[in-house]
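Colleague:
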Amino acid sequence: MADLTPEQVRSLAAAIGLAITDDDLEDVTFRLNASLEHLARLDALEPPSGPTPLPDAG
Amino acid sequence: MDTKDLPSLGIEALAELLRRRQTSSEEIVTACLERIHRLNPTLAAFITVDADGALRAARRADRSRAREHGPFHGVPFAAKDALWAKGLPATNGSRLFADFMPAEDATVIARLRAAGAILLGKLNMMELGFGPTLHPPFGTPRNPWNLERTTGGSSSGSASAVAARLVPVTLGGDTGGSIRLPAALCGVVGLKPTRGRVSRHGLMRICPAFDCAGPLAASVADAARVLQVIAGHDRRDPGTSRAAVGDYVAVTARGVEGARVGVVKEFMESALLKDEVRRLVMDAVAALDKIGARVSEVSLPLIPHASAIYLGVAEPQAAALFRPYLTTRAAEIDVLPRRRLLAASLVPASVIAHARGLGERMRAQVDEALRDVDVLVGPTTLSGAPPIPASARLRSRDEAWMAAVAGRSVFTNPFNVTGHPALSVPCGFTGEQLPVGLQIVGRYYAEADVLRIGAAYEAVTEWHHRRPSLA
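Sequence order for the protein chains is C and Z. For what it's worth, the working numbering labels the leading residue of the first sequence as -12, then goes sequentially. For what it's worth, the working numbering labels the leading residue of the second sequence as 78, then goes sequentially.
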């Protein structure tokens, strides 16, 4: 489960040029962690196999 | 007929009165403008009302009606403020674009004008088309059925203006349900066409992969009349299809005999769905069965994951699109869409790619189901209209998930991911007397099927005849 702290979220945002205010930080952290948690559940699902799959990374 | 009743009439009735010279376009437009003047301060359905322009166009239409017979000749309409109309602001519901004045019409507006329709003005919407807005810059849209409830969105004014009979038909935009959700919550008809069926030239974008423009109306037949005019290839939108445009109006009189209707099991079994909405949808399915449809249950196993797939594709695209504004003018964006966009900006690319792949698989699953049935049906929304949001504060990631997409567009966003056409028709009222909708989904470019079945259902029910007391 994704569990980024508010400071990690602020740093990630800063890395792509976005500033997050103190007022927004807790809410954005909840939203990002919720998104990552639900998106992680998709990992168990297989997408359609493409015409040129990459070799296994080992 | 009293002229004040004119805004309550459908397109066919208005066209007939105009043909018989029992009214004029100027009378219709004046009646709509009077109603907007009286009710818009309460409903905040319109951002811009072009009274002078509409009256000038109406007088021109009256002068030319002997020689011009476009299907909408002299009939008024209005459009979501995400659609360009030459000479009128297109704010996209945001302070960011308060001064933006497009130099040309969106194709859908140009086509309606070419068919003789008269643009009354531009309609309120959730900011940037990106979900609930705590402090809408152009007034809080209110649901005509209960002024303390939301209209839904993002095509908020497009739905409430039709519900309150301020204008006979409107145009909206739908990226995750933004036509169908407010249509259901305001008790009107809303159609998201197949991806590529209707031009998006001049539609301000949220997620280019999923954005669609489409009609909202008081009846399925009127939605079909609008689609008839706006559908078809447009060289200015390379994403539009050259597939033949059907006769959408004629099919609305054909009935439902023999049509195969699949009830989506995962929708009806959703733990989030309110029991009273489930019952109303089952009643609607029973009504379709009674008039000759062959009803069966259909399973779409990826549907429970649709909101995550949608979020993984749509929200990062929107965040990328609005990045220049997030970096320089974030404080001008309302707190709710701003926070949502900021969070979506940080979703990793690997997740987005995986979600896109699953979206393709979900489309294949829906296509497969539609080999055995003509349409899929289910609820449009989880409940009747919720209260207007009063707070921006989230207390947990579960609340954040519900606030993102899972709590609103869980039944509509799957068909933005897959691209199939989807119609919402009124199918009853909750115990609080709030309308809800039945969603009907068809094969690619088979808008005729969803309109035919929607119209057949509408013909044996009376929900679409009910009016909110203020209207």
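Just so you know, even glycine gets a beta-carbon here, dropped at the ideal spot from N, CA and C.
Along chain C, in chain order, which residues have C-beta atoms closer than 7 Å to that of Ala481 (chain Z)?
Modeller: By Cβ distance, chain C contributes Arg18, Ala21 and Ser22.
Colleague: Under a CB-based cut-off of 9 Å, is His431 (chain Z) close to chain C?
Modeller: With 9 Å as the cut-off, His431 (chain Z) counts as an interface residue toward chain C.
Colleague: By the criterion of Cβ-Cβ separation under 9 Å, what are the contact partners of Ala0 (chain C) in chain Z?
Modeller: Under the 9 Å cutoff, chain Z gives Leu419, Ser422 and Leu423.
Colleague: Does the region 485 to 498 of chain Z come close enough to the region 250 to 266 of chain Z that 3 or more CB-CB pairs lie under 8 Å?
Modeller: Yes, they touch.
Colleague: Tell me which same chain residues have a C-beta within less than 6 Å of the C-beta of Arg272 (chain Z), skipping the five on either side of it?
Modeller: Answer for Arg272 (chain Z): Gly496, listed in chain order.
Colleague: Ignore the nearest five residues each way along the sequence and tell me which others in Gly505 (chain Z)'s own chain have a CB closer than 7 Å to its CB.
Modeller: Cβ neighbours of Gly505 (chain Z) beyond the five flanking positions: Leu357, Asp360, Val513 and Trp540.
Colleague: Beta strand (DSSP E) containing Leu515 (chain Z): first to last residue?
Modeller: Looking at the DSSP string, the run of the beta strand (DSSP E) that includes Leu515 (chain Z) is Pro512 to Gly519.
Colleague: What first and last residue would you give for the beta strand (DSSP E) that runs through Arg337 (chain Z)?
Modeller: Taken as a continuous stretch (DSSP letters only), the beta strand (DSSP E) holding Arg337 (chain Z) covers Arg337 to Val341.
Colleague: Verify the CB distance criterion: does Val428 (chain Z) have a CB-CB separation below 9 Å to chain C?
Modeller: True, the Cβ-Cβ gap to chain C drops below 9 Å.
Colleague: Look up Leu293 (chain Z) in the DSSP assignment and say whether it is helix, strand or coil.
Modeller: The answer is strand: DSSP assigns Leu293 (chain Z) an E or B state.
Colleague: How big is the Cα-Cα spacing for Ala0 (chain C) and Leu29 (chain C)?
Modeller: So the two alpha carbons sit approximately 24 Å from each other.
Colleague: Chain Z beta carbons: is any one of them nearer than 9 Å to that of Asp9 (chain C)?
Modeller: Closer than 9 Å: no.
Colleague: Taking Cβ to Cβ, would you say Pro500 (chain Z) is nearer than 9 Å to Arg257 (chain Z)?
Modeller: Rather than Pro, the amino acid found at residue 500 (chain Z) in this sequence is Leu. Yes. Within cutoff.
Colleague: Check whether the Cβ atoms of Val275 (chain Z) and Phe154 (chain Z) lie closer than 9 Å to each other.
Modeller: Taking 9 Å as the Cβ cut-off, Val275 (chain Z) and Phe154 (chain Z) do not qualify as a contacting pair.
Colleague: Does any residue of chain Z bring its CB to less than 9 Å from the CB of Glu13 (chain C)?
Modeller: Yes - at least one Cβ of chain Z is within 9 Å of the one on Glu13 (chain C).
Colleague: Using a 10 Å radius around the Cβ and a threshold of 16 neighbouring Cβ atoms, would you call Thr317 (chain Z) buried or exposed?
Modeller: The residue is buried, with at least 16 neighbouring Cβ atoms inside 10 Å.
Colleague: How big is the Cα-Cα spacing for Cys263 (chain Z) and Ser546 (chain Z)?
Modeller: Straight-line Cα distance between these residues: approximately 13 Å.
Colleague: Classify Leu12 (chain C) as helix, strand or coil using the three-state DSSP reduction.
Modeller: Leu12 (chain C): helix per DSSP, three-state reduction.
Colleague: Is it buried or exposed for Thr247 (chain Z), if we count other Cβ within 10 angstroms and need 16 for buried?
Modeller: Buried.
Colleague: Could you spell out where the alpha helix (DSSP H) holding Ala92 (chain Z) opens and where it closes?
Modeller: Here the alpha helix (DSSP H) through Ala92 (chain Z) covers Ile88 to Arg96.
Colleague: I'd like the list of long-range same chain contacts for Glu392 (chain Z), defined as Cβ closer than 6 Å, with 5 residues on each side in sequence excluded.
Modeller: Contacts found: Ala421.
Colleague: Restricting to Cα atoms, I'd like to know which of Z:Gly291, Z:Arg312 and Z:Ala128 is closest to Ala156 (chain Z).
Modeller: Considering only alpha carbons, the answer is Z:Gly291.
Colleague: Thinking just about the alpha-carbon of each residue, which of Z:Tyr521, Z:Met78, Z:Val502 and Z:Thr107 is nearest to the one in Val297 (chain Z)?
Modeller: Looking at the Cα atoms, Z:Val502 is the closest of the given residues.
Colleague: Mind pulling the beta strand (DSSP E) runs of 3 or more residues that sit fully within the region 406 to 488 of chain Z?
Modeller: Fully enclosed beta strand (DSSP E) runs of 3 or longer: 452 to 456.
Colleague: For Val340 (chain Z), I'd like the list of residues in its chain whose CB is within less than 6 Å of its CB, leaving aside the five on either flank, ordered along the chain.
Modeller: So the qualifying residues of the chain are Val362, Glu374 and Val454.
Colleague: With 9 Å as the threshold, decide whether the Cβ of Ile386 (chain Z) is near any Cβ in chain C.
Modeller: Yes, Ile386 (chain Z) counts as interfacial toward chain C.
Colleague: Relative to the C-alpha of Gly87 (chain Z), which residue among Z:Pro148, Z:Asn117 and Z:Lys163 is closest?
Modeller: Cα-wise, what sits closest to Gly87 (chain Z) is Z:Pro148.
Colleague: Ignore the nearest five residues each way along the sequence and tell me which others in Ala320 (chain Z)'s own chain have a CB closer than 7 Å to its CB.
Modeller: Tyr522.
Colleague: Under 9 Å between C-beta atoms, does Ala74 (chain C) make it to chain Z?
Modeller: Missing from the structure shown is residue 74 (chain C); chain C here goes from -12 to 45 and no further.
Colleague: Using the Cβ count rule (16 or more neighbours within 10 Å means buried), how would you classify Pro464 (chain Z)?
Modeller: With fewer than 16 other Cβ atoms within 10 Å, it is exposed.
Colleague: Can Phe207 (chain Z) and Ala121 (chain Z) be called in contact, C-beta distance under 9 Å?
Modeller: Cβ atoms of Phe207 (chain Z) and Ala121 (chain Z): not closer than 9 Å.
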